[in-house]
Amino acid sequence: MLSIRYHIPKAFYLLMLVVFSFSYVFDGQPLDLKKQELAKCYSKRADATEDLQEAMVVFFFGQTWSDK
1 MLSIRYHIPK AFYLLMLVVF SFSYVFDGQP LDLKKQELAK CYSKRADATE
51 DLQEAMVVFF FGQTWSDK
């Protein structure tokens, strides 16, 4: 019974260490380098979305808009 009493608080303590060690609150604007990286990601996402839409048209209809 002693080992159960010891392990439950220890497990809770270790869980709280993990939870609160990864907690980070950031208030404010992102840094310039982060803004540049975000712009790259958004650009890549937009390009991929366009490519996906074109691929879906080709897959479902068997033609592209430029083939018409």
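Quick note: the sequence shown, position 30, residue 30 per the working numbering, numbers continuous.
We treat Cβ as the ideally placed atom computed from N, Cα and C, and that holds for glycine.
- In the structure shown, L31 adopts coil according to DSSP, grouped into three states.
- Per the coordinates, the alpha-carbon of Y13 lies some 40 Å from the alpha-carbon of K40.
- Assigned with DSSP and collapsed to three states, F60 falls in helix.
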